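Okay, structure first, notes after.
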Amino acid sequence: MSAIATSATASAKAGDDRSRGGSLSWMALPALALFAGFGVIPLAGVLVLSFTSWDGLGAISFAGFDSWRAVLSDPGLPHALWITFLVIVASWAVQTPASILLGVFLAGQQRYRAVLSVLYFIPLLLSSAAIAITFKALLDPNFGLGAGLRLPLLTQDWLGEPWLAFGVVIFVVSWQFIPFHSLIYQGGVRQIPRTMYEAAELDGAGRVRMFFSITLPQLKYTVITSSTLMVVGSLTFFDLIWVLTAGGPGDATRVLALDMYKRGFQANLMGPASVIAVILVLVGLALALFLRRLGGRDNAHSQLEGM
Amino acid sequence: MATTILSNGPQSTAPAPSGRHRNRRQGRARPNWLAGLISWIWLAIVIVPIYWIVITSFKSQSNYYLENPLVPPAEPTLTNYQMVIEADFPLYFVNSLIVTLGAVIPAVLVSFMASYAIVRGGSGRFLRWTSSLFLMGLAIPLQATIIPIYLIIIRLGMYDTLLGMILPSIAFSIPLSVLVLSNFLRDVPKELFDSMRIDGATETRMLWRLAFPLTRPAVVTVTIYNALQIWNGFLLPLVLTQSPDRRTLPLALAEFQGEYSINVPAVLASVLLSTLPILVLYVVGRRQLLSGLTAGFGK
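Those sequence lines, one after another, are chains B and Y. Residue numbers for the first sequence follow this note's numbering, so the first one is 1179 and each next one is one higher. Residue numbers for the second sequence follow this note's numbering, so the first one is 14 and each next one is one higher.
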């Protein structure tokens, strides 16, 4: 996102004479056509559909602001927004510290860390559906791990109590995505110049001090990258929550993406579902811009400091 | 994956660390207890469910309720696998395979061509505009466009077909693929292109003979990453298909779990079987995938 600017300048620098641009343009056409047809047009279409009435099968008719009025006055919307917000904040707060610590650890060179990292990344390979099914079975109060081991602490109605179910969603999301983010942090840590640590060591700084005074500040941009991915990604958790709780119990885990699907493909109200989709896009863009601004200002600041 | 290159902070402008620099921690003798402890706890959290899937899938349904869940089966059985395979699993497997190959290969090809055009001829207005369009695609949750995609696929007469899932999957893969591939293509020295052009090579020839071989690691990374996303995709098959025989694996898994929720070992056998091809891909391409992703984010 901040990349839009940088990459434009980069490509301008890398670019050659203008004339060649013409002879090469055709190469971009297939990708452009596919992305326009199934990316850009649907994005515009979702806005158009939010002003229509459609049951998913019959004719589409113009309905003005009906859907918007219906959705904005529905108490389900603030609830879905609130749950989405909680999921974003909680999954960020759990994943970020864990991913940083694991990333720092994995950036080391000991042999067994390489072995560990192979095992760590297995959750990345499983589909959300498979992960949700596994945890559903594991946490089953009658036949799951708790019942089998006769551990009362583990034998809760995990998916039947609203806050427990919410906690389970956050746990499973973290289980699935911490590996990916620790990978990003591992890459970030390896780029910190070694000399900084050597200088700190000469000054007698301890490990904790070095972590907070060198590692963490140096990872600032990595934190922003990883956070943006987490936050924008959190908006689109659909499959995992759908299979795990289907939004329940009640509507305890009914996030925006689920709300959209249920309104559209279960209640056959495509107009209101499109309104939710527009809100999703707007929230996503707003969050991305906010994080980009966070990164952008720091970027300029630290570049000045570097001089 | 919205912002692979957000991290264009000091680390991206600084020269890449040399191999020697990476060993900076080697010399330090004092072990990091906290990180070590956390890493072992995390290992347990990751491994226990996976270990449980594997051992349980070899238990018989009746023993599942009797045996300690964390002890391997006393009498391992393959009946669960047999049952899953007889329950149309091969069909879903083939569907997933067709959708994944049918989407990944064109997606990587068109993305590579577009990246080549953007990097080599990027000063033209059209290509600059195309490039920023793809970058914008990274910031937008494409899942939110599912309703118009549903409408478009119906109108194209592709509802409930594999092609109907393939086309949007390609489109969703393009932004990130173009980003990663063009980041790598920028590193190909311009002189190589110049000398090939002096020898009379066309752009198409340079693309295949020069750019493609030199960026092979990036191509492999992008291919594996996209294959993973599409193989595991859930929303597109859920919305765009109706008949059971068009289902892909993740959707079939969810349905299977609904039908046989009481037979946990069989459900877990299906989970394991559905992950097998990706596991093979991971074993083969692990180094490439992990280092490619790390490099992609460092850029």
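Backbone N, C-alpha and C define an ideal beta-carbon position, used for all residues, glycine too. Since we're looking at a predicted model, the values are computed, not measured.
{"query": "Could you tell me whether the Cβ of B:Ile1278 comes closer than 8 Å to any Cβ of chain Y?", "result": "no"}
{"query": "Using C-beta distances below 6 Å, list every residue in its chain close to Y:Thr254, excluding the 5 sequence neighbours before and after it, in chain order.", "result": "Asp173"}
{"query": "With burial defined as no fewer than 16 other Cβ atoms inside 10 Å of the residue's Cβ, what is the status of Y:Val191: buried or exposed?", "result": "buried"}
{"query": "Apply the 10 Å Cβ neighbour rule to B:Thr1373 and answer buried if 16 or more other Cβ atoms are within range, or exposed otherwise.", "result": "exposed"}
{"query": "Pick out the complete alpha helix (DSSP H) segments inside the region 1223–1309 of chain B, 4 residues or longer, and give them in chain order.", "result": "1244–1250, 1254–1284, 1289–1298, 1300–1303"}
{"query": "Check each candidate in Y:Met219, Y:Tyr163, Y:Ala265, Y:Leu110 and name the one with the smallest Cα separation from Y:Leu294.", "result": "Y:Leu110"}
{"query": "So B:Thr1230 packs on B:Ile1238, CB below 8 Å; how close in whole Å?", "result": "5 Å"}
{"query": "Measure the C-alpha to C-alpha separation of Y:Ile275 and Y:Ser75 and round it to an integer number of angstroms.", "result": "11 Å"}
{"query": "Exposed or buried, what is B:Gln1444 when buried is set at 16 or more other beta-carbons lying within 10 Å of its beta-carbon?", "result": "exposed"}
{"query": "What alpha helix (DSSP H) runs, 4 residues minimum, are completely inside the region 1424–1479 of chain B?", "result": "1434–1439"}
{"query": "Taking 8 Å as the cut-off, decide whether the C-beta atoms of B:Gly1433 and B:Ile1419 are in contact.", "result": "The sequence as given places Val at residue 1433 of chain B; Gly does not occur at that position. Contact: yes."}
{"query": "The alpha helix (DSSP H) that contains B:Val1351, what's its start and end?", "result": "1340–1368"}
{"query": "Kindly indicate the opening and closing residues of the alpha helix (DSSP H) around Y:Glu216.", "result": "216–219"}
{"query": "Express the C-alpha separation of B:Ser1201 and Y:Thr143 in angstroms, rounding to a whole number.", "result": "15 Å"}
{"query": "Got a sec, what are the start and stop residues for the alpha helix (DSSP H) Y:Lys203 sits in?", "result": "203–211"}
{"query": "So, for B:Ser1452: in the same chain, excluding its five sequence neighbours on each side, which residues have a beta-carbon less than 6 Å away from its beta-carbon?", "result": "Val1224, Leu1227, Ser1228"}
{"query": "What are the start and end residues of each continuous alpha helix (DSSP H) run of 4 or more residues lying completely inside the region 135–185 of chain Y, in chain order?", "result": "138–152, 159–168"}
{"query": "Do we get a CB-CB distance below 8 Å when we pair B:Val1296 with the residues of chain Y?", "result": "yes"}
{"query": "Which same chain residues end up closer than 6 Å to B:Ser1295 when comparing Cβ atoms and leaving out the 5 residues on each side of it in sequence?", "result": "Leu1284"}
{"query": "What residues from the region 1230–1255 of chain B come within 7 Å of chain Y, judged by C-beta to C-beta, listed N to C?", "result": "none"}
{"query": "How would you call B:Asp1437, buried or exposed, if buried means at least 16 neighbouring beta carbons within 10 angstroms?", "result": "buried"}
{"query": "Using CA atoms only, rank isn't needed, just tell me which of Y:Pro161, Y:Phe206, Y:Ile179 is closest to B:Trp1232.", "result": "Y:Pro161"}
{"query": "If you reduce the DSSP assignment to three classes, tell me which class Y:Trp55 lands in.", "result": "helix"}
{"query": "In its own chain, which residues sit with a C-beta less than 8 Å from the C-beta of B:His1359, not counting the 5 before and 5 after it?", "result": "Gln1273, Thr1274, Ser1277, Gly1281, Ser1404, Leu1407, Met1408"}
{"query": "In this structure, does DSSP put Y:Gln301 in helix, strand or coil?", "result": "helix"}
{"query": "For B:Leu1331, is the classification buried or exposed, using 16 other Cβ atoms within 10 angstroms of its Cβ as the cut-off for buried?", "result": "exposed"}
{"query": "Run through DSSP, which three-state label would B:Lys1314 get?", "result": "helix"}
{"query": "Quick check: is the beta carbon of B:Ala1181 nearer than 8 Å to any beta carbon in chain Y?", "result": "A caution first: B:Ala1181 carries a pLDDT of 42, below 50, which makes its placement in the model too unreliable to give a value."}
{"query": "Assuming Y:Thr69 contacts Y:Val277 (C-beta within less than 8 Å), just tell me the rounded distance between them.", "result": "7 Å"}
{"query": "Buried or exposed: where does B:Ala1315 fall if 16 or more other Cβ atoms within 10 Å of its Cβ makes it buried?", "result": "buried"}
{"query": "Using three-state DSSP, classify B:Phe1416 as helix, strand or coil.", "result": "coil"}
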